[in-house]
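Novice: Attaching a single structure in structure tokens format; questions to follow.
Residue numbers (UniProt numbering): 1 to 712.
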């Protein structure tokens, strides 16, 4: 009986190695995937460009830009009043033009570009930009809006160029570009004096620069990518999501290089250094540079500088008045929390809900209710002049003539602390006594409290607790002002300094050393950004502004549950409603959710069948599906108030994922045709409408509130 011959162990090992090599070739080794993609992109780019001349493609790009600008600027003069967040960013532009300091939660680049539009078109700096107020006749608000429409018109151009760099043919690129043009939400956000035009511009620029880098990994392309990253972060912190997307791609690329045996460590070190230099250091330099420019422009004192530290305020022009060196008893002063984002000690006539006395709060703006005076309780005619360390004092609120008082009750928000209020000045109790404890001084520590430079604590004599700014806010009954408590914690939240101290007439009392003390610019930038973070995190919606019509939750955005009313909904007013194109919205959602699964199954099938995978589509899907997820999912974990327009960068990414499924030209143009029809149908929401009944038949979901429900 014949026996079946068996393979030797050497033959088995050779067969296994052969299988490994085949798989490695199919899916690409680390460097082979990069080189394969580069070769594929370069080859396809050349072949596809052969179908359309450079002049013809340039004409097509100009056409895309022109159509985009016309769509975005159509009837842009309609609504000759301040619409939605124009109330904020128009004011900031005025501050730049007057060189007045202001504070905002966003980095400065976008607002500087908006100020540029105000400079170009003669913005009236005296106009207050109150929401709903009509623009003055002499102010060219139309020109300012067109400036923003102009900037956003480059977004579809960058989209086209990005896809071309990734070797899609002219038809695919053109359809996606025109779909972006006729997306109602992107048109709506691009027609107003807002930051989102700049944000979308730089987001799309980052993706274009990344596509160029993937196709050709050169230093100029790295510089372009790093510059775009620095700019997108300098408009809004949402740009950090875009940076994170690029970072993941670069880390994956470096990791694949690192584990490749035939890549010399010296070559890897050089590639790593280049990417660290141009994609980390360069964006940081750009971000800091825009803040330097910002501080150089808005260098004059204004009511807004109360958000910043006392010493920062003293460096602003118009705020160089003379300070008393020491704090005298009976002198009107302001007391400010010395921590980053610290606010003024504040009180007013409104009482706590259970009538424990007038409310004690912190307040970020300069106000007469911030005025206090230190008084010392003494026997007889003992002479007292300066507030010193270990003095026991009472502190009077100068607008209500009431004394700071410790209440025998837990605080309303921070339950582990004690409640502070103000009590009438008819009689003093031990609960009104506080001990001054000097901690340190920026120049020379003395026994006396000095204006601006001395940090001190106020300790309750009755309970041995410290006056504290908790960084929490009272509810609406406390006007959402900061909470002040008395705490046994002895940390930075219990540190205070004197800011305003009456002007001096006697030069001997002036604090002359202050003129020689300067803060580092870097410290000012850190302080400003810390304050941006704290303020951004604490944003809540004003209940007076119909939050049900404005505020939304992250889960509502991709399903287009509702849009955003941008102005008054009274019958006589023109109405604007930020809303997506339902067709492209749901189509994009379906594509971006299905694309990863479909591509994964396709890739696994190709590997199993020993076929070469489509590395180009794999990278494309990872970038745009990943971009959508990175720009959308974090909002589920953000505690601040959210709005519909926060989804638009994610929407930009999702619209491109259509190309994972459809590349047939006839089908693509059919999809574009349907989208344009949907755009036209819902365009009154974008361009403005008066009669709600005209739009009622387009209300397909009960939650779409661009028309009011008919009363039964």
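All C-beta atoms, glycine included, are put in the ideal place defined by N, C-alpha and C. If you're wondering where the values come from, they're calculated on a predicted model, not measured in any experiment.
How big is the Cα-Cα spacing for residue 309 and residue 253?
Specialist: Straight-line Cα distance between these residues: approximately 43 Å.
Novice: Excluding the five sequence neighbours on either side, which residues of its own chain have a C-beta within less than 8 Å of the C-beta of residue 397, listed in chain order?
Specialist: Around residue 397: 347, 358, 369, 371, 372, 403, 404 and 422.
Novice: Measuring only the C-alpha atoms, how far is residue 238 from residue 511?
Specialist: If I take the Cα positions, the gap works out to 43 Å.
Novice: Cα separation between residue 44 and residue 166?
Specialist: Here residue 44 scores only 49 on pLDDT, less than 50, and its place in the model is too uncertain to base an answer on.
Novice: Can you tell me whether residue 155 is buried or exposed, with buried defined as 16 or more other CB within 10 angstroms of its CB?
Specialist: Buried, because 16 or more other Cβ atoms sit within 10 Å of the Cβ of residue 155.
Novice: If I'm right that residue 90 touches residue 567 with Cβ under 8 Å, what's the distance once you round it to whole angstroms?
Specialist: In fact, because the Cβ distance is near 14 Å, the residues do not count as touching under 8 Å.
Novice: Using CA coordinates, which residue listed in 709, 602 and 578 is at the minimum distance from residue 83?
Specialist: The shortest C-alpha separation from residue 83 is found at 578.
Novice: Can you give me the C-alpha to C-alpha distance between residue 453 and residue 558, rounded to a whole angstrom?
Specialist: Computed Cα separation, rounded: 51 Å.
Novice: Taking DSSP's pairing of strands, which residues face residue 157 in a bridge?
Specialist: Beta-bridge pairing links residue 157 to no other residue.
Novice: Please name the residue, chosen from 108, 146, 175 and 117, that lies closest to residue 656 on a Cα-to-Cα basis.
Specialist: Comparing Cα positions, the closest option is 175.
Novice: Could you tell me if residue 391 is buried or exposed, where buried requires 16 or more neighbouring beta carbons within 10 angstroms of its beta carbon?
Specialist: Result: buried.
Novice: Quick one: give me the first and last residue of the alpha helix (DSSP H) that residue 482 is part of.
Specialist: No alpha helix (DSSP H) holds residue 482; the beta strand (DSSP E) holding it covers 482–487.
Novice: DSSP state of residue 496, grouped into three classes?
Specialist: Here residue 496 sits in strand by DSSP.
Novice: Quick one, which of 139, 160, 188 and 456 has its alpha-carbon nearest residue 75's?
Specialist: Among 139, 160, 188 and 456, the Cα nearest to that of residue 75 belongs to 188.
Novice: On a CA-only basis, which of 207, 222 and 450 is nearest residue 242? Give me that one, please.
Specialist: Among 207, 222 and 450, the Cα nearest to that of residue 242 is on 207.
Novice: Can you tell me whether DSSP reads residue 694 as helix, strand or coil?
Specialist: Helix at residue 694.
Novice: Measure the beta-carbon distance from residue 205 to residue 158 and round it to whole angstroms, keeping in mind my assumption that it falls under 8 Å.
Specialist: Confirmed, about 6 Å.
Novice: Which residue spans inside the segment 203–247 form an unbroken alpha helix (DSSP H) run of at least 4?
Specialist: Counting only runs of 4 or more, we get 219–233.
Novice: State buried or exposed for residue 712, treating a residue as buried only when at least 16 other CB atoms are found within 10 Å of its CB.
Specialist: In this predicted model, residue 712 has a pLDDT of only 46, less than 50, meaning its place in the structure is not dependable enough to derive any value.
Novice: Under a three-way DSSP split, which group does residue 625 fall into?
Specialist: Helix at residue 625.
Novice: In whole angstroms, give me the CA-to-CA distance for residue 361 and residue 210.
Specialist: Computed Cα separation, rounded: 49 Å.
Novice: Report the option in 282, 127, 193 and 477 whose CA atom is closest to the CA atom of residue 147.
Specialist: Among 282, 127, 193 and 477, the Cα nearest to that of residue 147 belongs to 193.
Novice: Please classify residue 291: is it buried, with 16 or more other beta-carbons within 10 angstroms of its beta-carbon, or exposed?
Specialist: Classification for residue 291: buried.
Novice: Which residue marks the beginning of the alpha helix (DSSP H) containing residue 686, and which one marks its end?
Specialist: 665–687 is the span of the alpha helix (DSSP H), which, as asked, contains residue 686.
Novice: Identify every residue that forms a DSSP beta bridge with residue 645.
Specialist: According to DSSP, which records beta bridges pairwise, residue 645 is partnered with nothing at all.
Novice: Residue range of the beta strand (DSSP E) that residue 346 falls in?
Specialist: Note, residue 346: beta strand (DSSP E), 344–351.
Novice: Within its chain, find whatever has a CB closer than 7 Å to the CB of residue 709; leave out the 5 residues flanking it on each side and keep chain order.
Specialist: Within the same chain, residue 709 has no close Cβ partners at all.
Novice: Could you check where the alpha helix (DSSP H) with residue 372 kicks off and where it finishes?
Specialist: That residue, residue 372, is in no alpha helix (DSSP H); its beta strand (DSSP E) goes 371–376.
Novice: From which residue to which residue does the beta strand (DSSP E) around residue 261 run?
Specialist: Where residue 261 is concerned, there is no enclosing beta strand (DSSP E), given that its DSSP letter is neither H nor E.
Novice: May I ask which residues mark the beginning and end of the beta strand (DSSP E) holding residue 362?
Specialist: From DSSP, the beta strand (DSSP E) with residue 362 extends over 358–363.
Novice: Evaluate contact between the segment 487–503 and the segment 337–347, counting only Cβ atoms and requiring at least three cross-stretch pairs below 8 Å.
Specialist: Yes, the segment 487–503 touches the segment 337–347.
Novice: Find out if the Cβ-Cβ distance for the pair residue 660, residue 601 is shorter than 8 Å.
Specialist: Cβ atoms of residue 660 and residue 601: not closer than 8 Å.
Novice: Taking the Cβ atom as the reference point for each residue, do residue 375 and residue 326 lie within a distance shorter than 8 Å?
Specialist: No, they are not a contact pair.
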